[in-house]
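Visitor: Numbering (this note's numbering), first residue to last: -8 to 69.
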Amino acid sequence: MSKRIGINDKKESQKSYLDDFTPNPTTSSKPEMARMSFVVSKQIIDKVEAYIRKKRMSGDIYYSKTNLIHEALNRFLS
């Protein structure tokens, strides 16, 4: 016999999801690196979006968004 495990309480799952973004230091069970990588990835996304906006404003409207993302990531991560 196998048991199904599910989240019955929607508020509890939402609370857990929100804790990932604003963790409580006394009850946090996730490592600090996971939260730090979220902050870093958010910063990279913001930089890429700013780069795309700048390229579009300067007249590079013929490049696809995928090419611009690739170009931005190569520029910021190399």
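Idealized CB from N, CA, C, for every residue including glycine. Since the structure is predicted, the reported quantities are computational estimates derived from the model, not experimental observations.
Using DSSP with H/G/I as helix, E/B as strand and the rest coil, what is Tyr54?
Guide: It is coil, neither helix nor strand.
Visitor: Can you have a look at Ala41 and say buried or exposed, based on whether 16 or more other CB atoms are within 10 angstroms of its CB?
Guide: By the neighbour-count rule (16 or more Cβ atoms within 10 Å), Ala41 is not buried but exposed.
Visitor: Are the CB atoms of Ala63 and Val30 within a distance shorter than 8 Å?
Guide: No, the pair does not count as a contact, with Cβ atoms beyond the cut-off.
Visitor: Using DSSP with H/G/I as helix, E/B as strand and the rest coil, what is Ser49?
Guide: Reduced to three states, the DSSP call for Ser49 is coil.
Visitor: Quick check: Phe67 and Ile35, are their CB atoms within less than 8 Å of each other?
Guide: Closer than 8 Å, so yes.
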